[in-house]
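*Asks:* Take the position in the sequence shown, starting the count at 1, then add 129; the result is the number in this note's numbering.
Quick reminder that beta carbons are idealized off the backbone N, C-alpha and C, glycines included.
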Amino acid sequence: MKDMLVRLMDLPDIADLEANLKKENIIIRRPIPPEKSLVADWVDKEFGMYWKNEVEAAFSRLPVHCFIAQRENEILGFACFETTAKNFFGPTGTLEKMRGKGIGKILLVKSLEAMKSMGYAYAIIGGVGPAAFYENVVNAKIIEGSDISIYQNLLRKSP
Ligand SMILES: CC(C)(COP(=O)(O)OP(=O)(O)OC[C@H]1O[C@@H](n2cnc3c(N)ncnc32)[C@H](O)[C@@H]1OP(=O)(O)O)[C@@H](O)C(=O)NCCC(=O)NCCS
130 MKDMLVRLMD LPDIADLEAN LKKENIIIRR PIPPEKSLVA DWVDKEFGMY WKNEVEAAFS
190 RLPVHCFIAQ RENEILGFAC FETTAKNFFG PTGTLEKMRG KGIGKILLVK SLEAMKSMGY
250 AYAIIGGVGP AAFYENVVNA KIIEGSDISI YQNLLRKSP
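1. Verify the contact flag: arginine 200, CB atom, against every heavy atom of ligand 1, threshold strictly below 7 Å.
2. When the Cα of valine 238 is compared with those of Met178, Arg158 and Glu164, which residue comes out closest?
3. Give the range of the alpha helix (DSSP H) segment to which methionine 319 is assigned.
4. For the alpha helix (DSSP H) containing isoleucine 235, name the first residue and the last one.
5. Any contact between the stretch 161-170 and the stretch 247-263? By contact I mean 3 or more CB pairs, one from each, below 8 Å.
6. Of the choices Gly206, Phe210 and Glu273, whose alpha-carbon is the least far from that of isoleucine 232?
7. At which residues does the alpha helix (DSSP H) containing aspartate 132 begin and terminate?
8. Which residue wins for smallest C-alpha separation from glycine 219, given the options Gly229, Glu225 and Phe176?
9. Apart from the five residues just before and just after glutamine 199, which ones in its own chain have a Cβ nearer than 6 Å to its Cβ?
10. Using only the alpha-carbon positions, how far apart do glutamate 183 and asparagine 149 sit?
11. In whole angstroms, give me the CA-to-CA distance for asparagine 154 and glutamate 201.
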């Protein structure tokens with residue numbers, strides 16, 4: 130897994146995409162602390178323990194370092210930032226049946242806009258994943274030599 134670098138000065142406009150999803154009753158917003166266990170349990174169920182733990186770290190910040198996609202009472206996707214290291218984006222995921230509608234793109238861009246407003250000029254996508262997605266949406270570039278990363282000695286759950 131490599132890391133990728135994103136320039137935050139030229140983020141794409143997501144207004145039309147967001148307006149289209151709103152017509153389907155899908156909104157993308159920052160969750161608030163009373164929702165922590167609901168969001169974390171959903172991420173645990175859909176994406177596993179590591180990402181759940183990172184979501185919990187996101188809820189230790191205010192405003193919460195996370196965005197969710199939501200339709201009525203259902204969570205459809207999530208994205209976090211600065212939950213593994215400073216200046217890192219991720220993890221993120223869209224419910225399988227909801228992929229390809231622009232949810233991942235909006236979650237990514239909104240998170241990067243939040244990081245830009247924190248004062249960063251660049252962001253790092255930690256340990257990708259679908260490099261083509263990040264390249265396509267925000268022109269992210271692989272960081273050469275980043276195979277040995279912050280995840281290098283990650284503890285694994287015993288079988
Ligand atoms: C990666 C992921 C978050 C994308 O979510 P999504 O809601 O389907 O993404 P979008 O619909 O917003 O896609 C935006 C664009 O990226 C493209 N895209 C989506 N997934 C892609 C992939 N895996 N590879 C290349 N391009 C991809 C879409 O075709 C779309 O292109 P377009 O704007 O030209 O039409 C989703 O596939 C996912 O949850 N994957 C499993 C978890 C994961 O790998 N997370 C990333 C960890 S680093």
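*Replies:* Reading off the structure:
1. no
2. Arg158
3. There is simply no residue 319 to check, as the chain begins at 130 and stops at 288 in what is shown.
4. 232-246
5. no
6. Gly206
7. Element bounds for aspartate 132: not the alpha helix (DSSP H) but the beta strand (DSSP E), 131-136.
8. Phe176
9. Ile156
10. Between glutamate 183 and asparagine 149, the C-alpha separation is close to 30 Å.
11. 7 Å
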